[in-house]
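Residue numbers (the numbering used here): 158 to 498.
The structure appears right after this line, and notes come after that.
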């Protein structure tokens, strides 16, 4: 075990013993894996431990996959970023659908209400709406702001994007993921399960209790994957395996800024592109860019960070509710110090 790997392992064990981390972590430079490990229990009742092979819900990291599918369809000439919601989903019927564009939906600047924030009593009742019922409810609400005038993270916007892709292609969201991303990248253990639970998937906990299953819709969340599969995905970001350089430039451009936020739940401290947060690490000039997306649920968190101006990859999942521990420290070490085996 080299010095960097030992340092990361020491941090993981410290956070685990403090009760702050129960999950998996992979740190890599390109294809070279510097750390790959897991701690804690995937299923406490059956004493099944977390392992690097454990399937874990990606939560909102799923939005990055949705954005890639939309940008692929744009590249194929089947969609236009300036095309409107009423053009691609005429049955939606929400306010100003003739002004809300794919650009707005991808960058969280549409003003479409977030179902997790705008539906009264959502977190107390955890309602199980059909997707059509969800759209009817959201369409009856006023926009949070004029399209393009502010930034507010909205799960609903990405459900709309997935619905548009399904309607255009005649394929389900799960089929689109499989054909366009999982198969090309040989992500053999990844799939979209939505609100289902299954064997081999880490159970989510809050404190000592397993949390109730939330309703999850296409496009916003619902992918389960492993550290190794997500390593393959992270390495493909910015490569021509999935999109052209022109499309990646659009995905990684800062289309929305934190200072433009109309509300601060969920909080987003970094600029947002199309399905990716845009950050930086270190004090170089120009700064070292990092693209990322996180996820959170009632009982766990996830994070994917990819150093675009370099080869760094950091993947974390935690199946106990709470903050994402030690990410800045590990990312700084990955970019500025340490070596491989």
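Note that beta-carbon positions come from the ideal geometry of N, C-alpha and C, so glycine has one too.
These numbers were taken from a predicted model, which means no experiment stands behind them.
Name the DSSP bridge partner or partners of residue i?
i	result
residue 192	184
residue 450	461
residue 308	418
residue 367	362
residue 429	413, 434
In three-state terms, what does DSSP make of residue i?
i	result
residue 175	coil
residue 239	coil
residue 411	coil
residue 372	coil
residue 279	helix
residue 296	helix
residue 391	helix
residue 478	coil
residue 401	coil
residue 472	strand
residue 484	helix
residue 441	coil
residue 396	coil
residue 290	helix
residue 385	helix
residue 160	helix
residue 496	With a pLDDT of 44 at residue 496, under the threshold of 50, the predicted position of this residue should be treated as unreliable, though the coordinate-derived value follows. Residue state, collapsed to three classes: coil.
residue 285	coil
Ends of the beta strand (DSSP E) at residue i?
i	result
residue 316	Element bounds for residue 316: not the beta strand (DSSP E) but the alpha helix (DSSP H), 312–326.
residue 382	380–382
residue 436	434–438
Take the Cβ of residue i as the centre, count every other Cβ of all protein chains shown within 10 Å, and call the residue buried at 16 or more, exposed below.
i	result
residue 184	buried
residue 386	buried
residue 290	exposed
residue 498	Confidence is the limiting factor: at residue 498 the pLDDT is only 39, short of 50, which leaves the residue's position unreliable and the question unanswerable from this model.
residue 171	exposed
residue 477	buried
residue 206	exposed
residue 369	exposed
residue 480	exposed
residue 158	exposed
Checklist entry - What are the complete beta strand (DSSP E) segments, minimum 3 residues, inside the segment 196–270? => result Within the segment 196–270, the runs of beta strand (DSSP E) at least 3 residues long that lie entirely inside it are, in chain order, 198–200.
Item to check | Entirely enclosed alpha helix (DSSP H) segments - the segment 324–362, minimum 4 residues | outcome: Runs of the alpha helix (DSSP H) inside the segment 324–362: 330–334.
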